[in-house]
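Right, one structure below, let's go through it.
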Amino acid sequence: NAGVTQTPKFQVLKTGQSMTLQCAQDMNHNSMYWYRQDPGMGLRLIYYSASEGTTDKGEVPNGYNVSRLNKREFSLRLESAAPSQTSVYFCASSEQRPQETQYFGPGTRLLVL
Amino acid sequence: GENVEQHPSTLSVQEGDSAVIKCTYSDSASNYFPWYKQELGKRPQLIIDIRSNVGEKKDQRIAVTLNKTAKHFSLHITETQPEDSAVYFCAAQKLVFGQGTRLTINP
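Here it is in structure tokens:
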């Protein structure tokens, strides 16, 4: 099993450009999450999906949209990137609920110029 | 909403000594408290978690204690080893993480 995979690993964008971060898991998990990690800020939840077809806002959703394409895939879209969105983005999944072990992907490092 | 405070932000200990990291939370309804370890350039990984129906949980050299009355929980690492050097994050139930503690083990 590959676990949780993310693409791309690294991306440079110009202000105003758009892009989609991809995440997939092969553990048959119901719940999936998107976090951003900034220095000294820990991990902050952007969006999560409790099941296919459902999504909910987290702590810092502004400037992002998500799609739970199917049970395996959960994508994060930046419609108009801003320098404040420079961060490392982690996708994670858990079997059923947030109150369980979360398995993280390797992360996507995003730089917005 | 939930607020999680983690202290200290950095911690340096001699190899073989113990390390303690503390987190406080604000929402008394929280009942799940995980700890994640993140090595440099790697993804976070769960190392231990505790639910509110127990006060302490141990796994070899790692233990977590929970005080629901005071709304704080702590990670204890005994007999520290160089491979324990990493950033440690606590979290509370509602997917709110602490700011992280950078632990350095000095040989």
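Keeping their order, the protein sequence lines are chains A and B. Residues are numbered in our numbering as their position in the first sequence, beginning at 1, plus a constant of 206. Residues are numbered in our numbering as their position in the second sequence, beginning at 1, plus a constant of 298. Positions of the beta carbon are idealized from the N, C-alpha and C atoms, including for glycine.
For residue i, the three-state DSSP class (helix, strand or coil)
i	result
residue 290(A)	helix
residue 316(A)	strand
residue 230(A)	strand
residue 278(A)	coil
residue 215(A)	coil
residue 220(A)	coil
residue 303(B)	strand
residue 328(B)	coil
residue 312(B)	strand
residue 322(B)	strand
residue 208(A)	coil
residue 303(A)	coil
Whole-angstrom C-beta distance between residue j and residue i, which should lie under 8 Å
i	j	result
residue 328(B)	residue 391(B)	4 Å
residue 326(B)	residue 369(B)	7 Å
residue 286(A)	residue 224(A)	6 Å
Beta carbon proximity, residue i to chain E, threshold 8 Å
i	result
residue 289(A)	The structure shown contains no chain E; its protein chains are A and B.
Task: the stretch 309-337 of chain B: positions lying closer than 9 Å to chain A by Cβ - done: 329, 330, 332, 334 and 336
Task: 4-residue-minimum alpha helix (DSSP H) runs that sit fully inside the stretch 233-266 of chain A, ordered along the chain - done: List check, alpha helix (DSSP H) in window: nothing returned.
TODO: Only counting runs of 3 or more residues, tell me where the beta strand (DSSP E) segments fall wholly within the stretch 376-402 of chain B, in order along the chain.
DONE: 384-390
Open item on the list: Would the stretch 313-322 of chain B count as touching the stretch 235-245 of chain A if we require 3 or more Cβ pairs under 8 Å?
Closed with: no
Task: Minimum length 3: unbroken beta strand (DSSP E) runs contained in the stretch 334-375 of chain B - done: 343-349, 354-357, 360-365 and 370-375
Task: Residues of the stretch 352-383 of chain B whose Cβ lies closer than 7 Å to any Cβ of chain A, in chain order - done: Against chain A - using a Cβ distance shorter than 7 Å - the stretch 352-383 of chain B contributes no residues.
Task: Chain-ordered residues of the stretch 243-261 of chain A with a beta carbon less than 8 Å from chain B - done: 246, 247, 248, 249, 250, 251 and 254
Task: Touch test, the stretch 259-276 of chain A against the stretch 207-220 of chain A, Cβ-Cβ under 8 Å, three pairs minimum - done: no
- [ ] Decide yes or no for the touch test of the stretch 299-314 of chain B against the stretch 344-361 of chain B: beta carbon pairs closer than 8 Å, at least 3 of them.
- [x] no
- [ ] Can you give me, in chain order, the residues of the stretch 296-307 of chain A that have a beta carbon less than 7 Å from any beta carbon in chain B?
- [x] 296, 304, 305 and 307
- [ ] Please confirm if the stretch 278-295 of chain A is in contact with the stretch 358-376 of chain B, defined as three or more CB-CB distances below 8 Å between the two stretches.
- [x] no
Task: Residues, ordered as in the chain, of the stretch 263-286 of chain A that lie near chain B by beta-carbon distance below 9 Å - done: 264 and 265
TODO: Using a Cβ-Cβ cut-off of less than 8 Å, list which residues of the stretch 214-231 of chain A approach chain B; keep chain order.
DONE: none
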